[in-house]
Every structure is written in structure tokens, then in C-alpha cells.
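Straight run, no breaks: the sequence shown in the numbering used here ends on number 959.
Here a beta-carbon is modelled for each residue, glycine too, at the ideal position from N, C-alpha and C.
What follows is a short report on a single structure.
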Amino acid sequence: MFKTTDSHLGTQKQATPETGAPKRKVNILLVDDQPENLTALEVVLKDLGQNLVLARSGPAALKCLLDQDFAIIILDVFMPEMDGFETATLIRQHEKCKYTPIIFMTAVSKGQMNIYKGYSVGAVDYLLKPFVPEILRAKVSVFIELFLKTQQVKEQEERLRWMEGREYRKQLVQARTQRNRFFSLSLDMMGIIGFDGFLKEINSAWEKTLGFSRQDLLGRPFLNHIHPQDRDKTATYWQKLLTGTSDPISFESRCLCRDGSPRWFLWSMTSSVKEQVCYTVVHDITERKWAEEVMLKTNEKLELRVQERTAELLKTNSTLLEEILERKKAEEELKKWAHIFQHAEWGVWVGSADGKTLEMINPTFARIHGYTVKELLGKPILDIFAPECREEAATAIRLSHQEGHYIFESKNIRKDGSVFPVQMDVTTVKDEKGRVLYHVAHVQDITLRKQAEKIIIESEKRFVQLIESLPVAVFVVDADGKPYYANRASLALLGKGINPKVGLEGLSQIYQSYVAGTDQLYPVDRTPIARALRGETCVVDDVEIHQGDKNILLEVAASPILDSTGNIQYAVMAFKDITERKLAEEERALRLAESARAEELARSNTELEQFAYIAAHDLQEPLRMISAYTQLLAKRYTGKLDKDADEFISYASGGAKRMSLLLRGLLAYARIGTQNKKLESTDCSVVLEQTLANLKIAIEKSNVRVTHDPLPMVMADSLQLAQLFQNLISNAIKFSGKDPRIHISAERTGTHWTFSVKDNGIGMEVQYTDRIFSIFQRLHTEDEYPGIGIGLAVCKKIVERHHGKIWVESEPGKGSTFFFTLPTLREKPRRRE
């Protein structure tokens with residue numbers, strides 16, 4: 127039956143369910159200014175068999191709260207006299223209604239700000255009209271059950287005083303055993319952290335996931351295992367949790383495993399100020415991070431408020447309170463694990479002891495397979511696997527039975543027949559006697575991960591193909607300095623393969639690398655690869671490898687390769703053969719140096735020639751004065767003074783004459799470099815005939831027979847060429863013997879004409895053949911053969927000016943042959959007809 131009041135004070139009705147009445151009924155307060163809305167709520171909730179109290183305004187609802195306790199309040203937001211937000215605020219001010227659940231319902235105030243305002247004034251839910259009746263009944267049923275549980279706790283206070291302590295402890299141990307069993311089944315890391323930041327309790331997933339032992343984790347700050355880059359952010363969330371806020375927090379951060387590798391985790395934490403602990407669930411989201419970054423937020427306000435209210439109700443003597451709190455804690459933890467099972471983002475199934483039948487699954491598992499939960503219950507476990515994977519899956523379940531835990535990858539099949547990859551973690555749960563109770567498996571859809579792995583493999587394959595096609599040698603070592611990879615160009619250049627067992631110390635010896643230009647092995651600590659392993663990037667060109675009798679000079683560039691944490695994982699070295707380049711550079715430098723020396727020598731010779739010319743020219747005038755006065759002395763005083771005076775005057779006069787000859791010779795020598803005609807086409811036969819005409823008297827006086835072959839046309843200074851012939855022929859006449867003969871000829875040798883002037887004179891020793899071309903150098907005295915030693919020096923200078931060379935071949939008593947070369951005459955290109 128129903129109890130009713132007027133539109134302001136409210137209406138109370140008692141609904142009777144169709145099938146049996148509950149032993150105890152609770153009050154449900156329905157507040158709405160529209161009668162048709164109240165009627166709709168009555169129709170939906172009457173099957174719950176509870177007392178429905180109706181109020182058509184905020185004040186009427188407040189009056190009802192003064193007289194009765196309510197399990198839940200369903201409150202309309204938009205009401206004319208006092209809206210739902212104001213009503214909820216006043217309700218929360220009543221001590222006994224402080225924790226009564228409030229559900230807002232509205233068809234108008236749907237904005238995000240209104241939803242936020244509803245939660246901020248203490249609502250546990252915010253439903254939009256039109257609502258789904260089944261969902262509303264389910265939510266209200268939960269709060270009815272919660273209210274009844276709370277009432278039972280109150281009633282049990284008295285009964286617990288008379289309970290047998292032994293029986294109660296037995297029940298408490300059973301509850302704790304159930305909690306610990308569920309606690310240990312989870313693949314997620316679950317734990318309890320004290321307000322001091324130290325881990326108080328953890329499940330086995332911590333050891334499996336992070337690689338640390340239980341002893342390494344318990345009793346130590348959990349922040350020690352947070353990645354350094356995320357530690358400040360995590361500490362901020364932790365401090366926020368310690369302020370006593372009733373809100374649970376969720377955040378993402380990385381942890382460092384025992385091997386130093388980072389993994390991403392989603393942390394969900396709820397604090398209990400009274401117990402000075404935080405309950406923590408840590409889910410590994412490393413795989414999901416590859417595909418997306420999604421912030422997960424969990425709202426556990428209701429559990430926390432129930433916990434606080436329960437704590438207030440359990441105020442008895444210290445012994446009883448401790449036992450009640452222990453039991454309550456076990457119940458709450460079981461609720462949380464059940465909540466996690468139902469709402470986890472990964473699939474979970476529980477199989478029979480024989481590992482053949484699905485006995486329990488969570489909604490996520492059903493969803494990723496395209497089934498409903500009801501459709502999968504009782505189904506053979508192997509049916510969820512793709513046909514080709516079922517034998518392997520059966521083996522994995524058997525291994526789980528033997529080892530207690532087994533992780534493997536497989537392929538599952540959806541309801542529509544499509545196949546997708548999964549990672550499955552199967553755990554076998556046994557009782558104290560080792561008998562199998564059931565199997566639990568956590569299932570993750572790894573489609574995105576497999577796609578990412580495929581992309582990475584293809585990318586690595588393309589990268590290797592690119593490296594293999596490079597003409598540059600590439601050589602990689604790992605962090606310990608052991609060879610890891612070498613491309614074809616590297617193996618061809620080094621002449622050897624790689625040996626992964628050889629460390630950094632043996633690389634120089636194995637590959638015969640030396641300091642360039644020495645027989646010293648390249649020092650290990652100075653090698654580019656060692657420097658790269660120290661974090662340096664370097665380029666050197668002083669590495670030389672020896673391959674038999676062949677030395678190869680290398681230019682080497684090396685740099686480190688870092689992992690995601692900034693640690694050196696590899697060192698890569700690229701190198702190439704620069705032997706030919708270095709030789710070319712050295713040859714070029716040598717040519718430049720020789721060119722510079724030639725230019726300097728030419729400049730010095732030019733300056734010397736100019737000095738000699740100026741000196742010879744300027745000394746002529748004072749020498750003429752000396753000659754004139756010595757001649758005057760000889761003319762006036764010869765025979766008038768004593769014999770010594772006549773001798774001295776003779777010496778002075780002779781010396782002046784010889785000095786004059788030397789100066790004229792020096793002047794002639796200098797003029798060759800300063801007073802030159804342009805080189806032009808010259809007929810050597812014509813020049814020779816003119817020279818012989820000039821020497822006609824000397825030739826006839828010496829009775830010398832001069833012959834010659836036809837001579838070529840050359841590019842030459844005709845005057846200097848005539849002087850060249852004249853000096854060589856005069857020299858041959860001077861040193862002629864009996865029946866003197868001189869023969870002049872020319873022979874073409876490549877780009878030059880080689881001329882020869884051959885005589886049958888006295889000849890000379892071989893050691894003097896170079897000396898005679900130096901200025902003022904003579905092999906005989908003035909009395910034996912007159913001259914000043916400058917004629918052949920002039921010949922050499924003329925030939926060099928014509929880009930040729932001069933030399934002599936001679937034997938004592940067999941005459942001499944003087945050779946000199948002149949460039950051939952360049953022919954003009956013929957015109958095409």
C-alpha cells in the first residue's frame with residue numbers, strides 16, 4: 127500500500143512486489159514537481175518492493191527527511207520553488223543525511239556545467255531524461271542493498287558482543303584468504319602504500335612485471351621505481367592524495383624495471399586517512415601507449431563515503447572495533463577486485479579445473495570477441511581460439527597447470543569469424559593440497575601492437591637495405607664494444623667478417639689498424655669507436671689498416687646511438703678509403719712547393735742577372751780610367767825607371783786588360799736574361815752559315831775542316847742561336863789537335879731536336895763535364911789556352927732560355943761532342959676542305 131501527503135509535504139506509498147515481500151523494506155524518496163514524472167518513477171521502481179515516498183517540492187522533501195531515514199533520494203533538478211541543487215545542499219547539512227545517496231534526474235539541465243554542479247553538491251549520479259528503466263532499477267537496487275548492509279552492520283554491533291571469538295576469527299581468516307587469493311590472481315600490480323610512501327603489501331604481479339624481488343620492493347619508497355622524468359609529476363599526485371581528499375586519483379607514469387627499461391603504467395589510487403594507507407592498482411599500458419594516449423579517470427566516491435560512514439558506525443571497544451575494521455577491509459577489497467573484474471579494459475576469463483570450459487568472463491572479453499557474456503558462458507575454452515591455434519593453446523593451458531603461470535601469444539576468433547592476435551596470460555589456481563580449483567586468463571587484443579611491430583620490421587628491413595647499398599663502410603658495435611653489424615662495403619674494405627666475441631681491446635689487432643705512417647697499433651682508448659662509446663662524436667683521418675703488403679688509409683667518423691633513456695646502446699662507425707685522395711693531396715702540395723721554389727729561384731736569378739748586368743756595365747767606366755792611366759804610365763815611364771817598375775806597370779796594364787775582358791764577358795752573360803728577342807721560327811742552317819762566315823778567319827788560320835748536316839727549323843732567338851753556335855765552334859777550334867775536324871748535326875727525338883757539335887780535339891776527363899758550364903770555370907791556365915771561362919756558361923744559359931738542356935761527352939785525346947736540345951717547331955693545324 128502507498129502513503130501520500132499533499133503536493134508540498136509529499137506522498138508516501140508502500141509497494142508490494144508480485145512475488146513475495148522482502149523481510150525488510152527501505153524508504154526511497156522521489157522528488158519532482160511534475161505528477162506524471164512521479165507516476166513514471168513509481169511504475170519503474172514498484173517492482174523493487176520498497177516504500178516509495180513522494181514529494182512535489184524541495185521543502186516537502188526536507189520535511190520528509192526529518193521523520194524518516196532513506197536509502198536513496200531521486201531528485202529532479204529543475205523545480206520552481208527550490209531547485210534540485212539547493213535542495214541537495216540543504217539535505218547534506220543534515221547530519222543523518224550527510225551520506226545518503228542522491229541521484230539527479232533532468233530533461234532540461236543537460237549542460238556539462240550543470241552536471242559538474244550536481245556532482246559538486248554531493249550527487250552520486252546524474253541521469254538524463256528519458257531514462258532507461260532497467261538502468262535506473264539496477265542503480266537503485268545497488269543503493270538499497272548498500273543501505274541494508276549498513277543497517278545489518280548496526281544490528282550486528284550488539285550481536286558481535288556475544289559472538290564466540292574463535293568462530294569470528296575463523297570467519298575473518300576465511301575472508302582474508304579469499305581476499306588474498308583474488309589479490310594474487312590479478313596480472314595488474316596491486317598494493318597498499320603507507321602515507322610515508324613505503325610499500326606495505328604487494329601482489330606477485332610487481333615481481334613479474336618489474337623484475338624485482340619482493341624483498342627489493344616491500345618496505346621501500348615506491349617513488350624509487352618511478353622514471354626520473356616522471357618522478358616530480360608522480361610526487362605531486364601523491365602529495366595531493368595525502369591532503370585527505372576523498373577523491374581517488376588516476377595518472378600515467380613510467381616505472382624502471384630491474385634491467386633499466388621503462389614501462390608505462392596507469393596508476394589508480396584511493397586514500398584512507400583513517401587507516402593512513404592508499405590502495406593502489408597499477409595497470410601496464412605500455413602496449414596501448416604505442417597506439418594512443420588515453421587518460422583514464424576512475425570515480426570511487428561512493429566506496430570512500432561508505433567506508434567513512436561504516437567507520438563512524440563501528441565505534442565500540444578497541445578489540446571489537448579492530449575485528450570489525452579487519453572484516454570490513456576484507457569486504458571492501460573484495461568489492462574493489464570485483465569492480466576491477468567487471469570494468470577492466472582487458473579481457474578476463476575463468477575456466478574450469480580441467481581447463482576445458484568457460485565458467486566466468488568479464489564484459490570486455492565478451493565485447494572483443496563479438497559475443498554477449500551469456501553467449502560465452504559454458505562454451506569450450508578452445509572454441510575461442512582460431513582452429514590452427516587450438517593445439518598450441520591446449521599445450522599452453524597444460525603448461526600453466528604444470529608451472530602455475532604461462533604467457534603466450536595466439537590468435538582468437540570472433541563471432542563473425544574474423545581472426546585477431548591476442549596475448550594471453552594464464553594462471554592456474556590451486557588449493558592448499560595442490561588440487562586445481564580453476565584457471566584464470568587475462569587476454570589483450572594486440573592487433574595495434576602487431577601492426578606496429580610489422581611497421582618496425584619493414585622499416586628496419588628498408589634501413590638495412592639502404593645501409594647495404596651505401597658505398598661507405600658502416601660498422602656497429604654494442605655497448606660492450608663487441609661487433610654487432612657490418613655492411614658489405616665494410617667487409618670488403620676490412621677484408622674480414624665480424625666476430626661478436628671480440629671485445630673492444632681486440633679490434634685493432636683483428637683488423638690490423640695502425641696509426642697512419644707508423645707500425646704502432648692504434649691505441650684502444652683513442653680509437654673512434656671507443657670515443658663514441660664514451661659519448662663523443664668524432665672524425666679522424668689517421669687510421670691505417672694493413673692487408674699484407676698493402677696499406678689503406680681511412681677517414682673514420684664515429685658517434686654514439688642512444689636508447690629512450692639516454693643511455694648509450696650502440697656506437698656506429700662510417701669510414702672510407704682515402705689513400706688515393708691523400709696521395710693526390712701530397713702530390714699537389716709537392717707541386718705547389720716546387721712551383722714556389724721555381725718561382726723564387728727564377729726571381730733570384732732575375733735579380734742576380736740584373737745585378738750582374740748593372741755591375742758589369744757600371745764598372746766599365748772606372749776600368750777604362752785605370753786602363754788609360756796604366757797605358758799612359760807605360761808610355762811615359764817604360765825604360766826610364768828601374769826594371770821592377772817596368773814589371774809592375776806591365777802587370778797593372780795586363781790586369782786591367784783581363785779585367786776588361788771579364789766585365790765584357792759578364793755583361794754578355796747578363797744580357798742573355800735581360801735583352802732578348804721574341805722566339806720565332808728560325809732556320810738553323812741559315813744561322814749556322816752566318817756563324818761560319820763570322821768565324822771564317824779563325825777557321826782558315828786553324829786549318830779546321832767544318833762540316834754539317836741539314837739543320838731543321840726551330841722556334842728560337844736567332845741572335846742567341848748564332849752566339850750558341852759561335853761559342854761551341856770557337857771552343858772546338860781552341861782545343862783542336864792535328865788535322866782538326868768539326869761536324870754539326872741534328873736529330874729529332876720526340877718533341878725536341880738534339881743538336882751535336884763534334885770535334886776531334888784534346889778532349890777532357892769525365893769528372894769535368896759538368897764543371898765547364900759554370901761561369902768563370904776553366905780547366906787550363908791562361909798561358910796554355912787563352913780565355914776567361916764564360917763562353918760555355920753563356921751557351922748553357924741560352925739553351926735553358928729555349929727550354930732545352932746542354933751536356934758534353936768526351937774522352938781525353940779523342941775529342942768532345944757537345945749536345946743541346948731545342949723544341950720542335952709547332953705545326954699549324956690544316957684547314958679542312
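Looking at the DSSP output, residue 664 bridges to 684. Burial state of residue 369 is exposed, judged by a 10 Å Cβ sphere holding fewer than 16 other Cβ atoms. In the structure shown, residue 610 falls within a strand segment according to DSSP collapsed to helix, strand and coil. In the DSSP assignment, residue 589 falls within the alpha helix (DSSP H) that extends over 573-595. Around residue 560, the same chain offers no residue with a beta carbon nearer than 7 Å, after the five sequence neighbours per side are excluded. Between the alpha carbons of residue 252 and residue 472 lies a distance of about 27 Å. Segment contact: the stretch 269-281 against the stretch 179-186, fewer than three CB-CB distances shorter than 8 Å; contact not assigned.
Under DSSP, residue 405 forms a beta bridge with 318 and 396. In this chain, the alpha helix (DSSP H) harbouring residue 239 covers 238-246. Counting other Cβ atoms within 10 Å of its Cβ, residue 823 stays below 16 and is therefore classed as exposed. A contact is defined here as three or more CB-CB pairs under 8 Å, and the stretch 802-812 fails this definition with respect to the stretch 933-944.
Apart from the 5 residues on each side of it in sequence, residue 270 sits with its Cβ closer than 8 Å to the Cβ of 152, 154, 174, 176, 197 and 198 in its chain, given in chain order. Note on geometry: alpha-carbon atoms of residue 648 and residue 713 lie some 26 Å from one another. Nearest neighbour of residue 837 by Cα position, chosen from 495, 880, 215 and 563, turns out to be 880.
For residue 839, the beta-bridge partners assigned by DSSP are 809.
In this structure residue 512 touches residue 539 by the C-beta definition: roughly 5 Å separates them, less than 8 Å. Note that the C-beta distance between residue 950 and residue 874 is below 8 Å. The alpha-carbon of residue 267 is positioned some 22 Å away from that of residue 218. Taking the Cα positions, residue 392 is about 32 Å away from residue 263.
The straight-line gap separating the alpha-carbon atoms of residue 529 and residue 474 is approximately 20 Å. Excluding five sequence positions before and after residue 191, the CB atoms of its chain that fall closer than 7 Å to its own CB belong to 217, 220 and 223, given in chain order. Taken in chain order, the whole alpha helix (DSSP H) runs of length 4 or more contained in the stretch 827-880 are 844-860. Rounded to the nearest angstrom, the Cβ distance from residue 948 to residue 858 is 19 Å, too far for a contact under 8 Å. Relative to the Cα of residue 318, the nearest Cα in the group 397, 885 and 691 belongs to 397. Judged by DSSP in its simplified three-state form, residue 213 adopts helix. Following the DSSP letters along the chain, one finds residue 365 inside the alpha helix (DSSP H) bounded by residues 357-368. Between the alpha carbons of residue 338 and residue 324 lies a gap of roughly 15 Å. Under the three-state reduction of DSSP output, residue 181 falls in the strand class. Put simply, of 204, 178, 203 and 207 the residue whose alpha carbon is nearest the alpha carbon of residue 194 is 178.
By the C-beta criterion, the stretch 670-681 is judged to be in contact with the stretch 638-646, since at least 3 inter-stretch pairs fall below 8 Å. Contact check for residue 352 and residue 381: beta-carbon distance about 6 Å, within the 8 Å limit, so the pair qualifies. Remark: C-beta atoms of residue 925 and residue 916 do not approach each other more closely than 8 Å. Proximity to residue 160 across 203, 346, 150 and 864 peaks at 203, based on C-alpha coordinates.
About 17 Å separates the beta carbons of residue 599 and residue 708, which is beyond the 8 Å limit, so they are not a contact pair. Taking C-alpha positions only, residue 241 is separated from residue 360 by approximately 29 Å.
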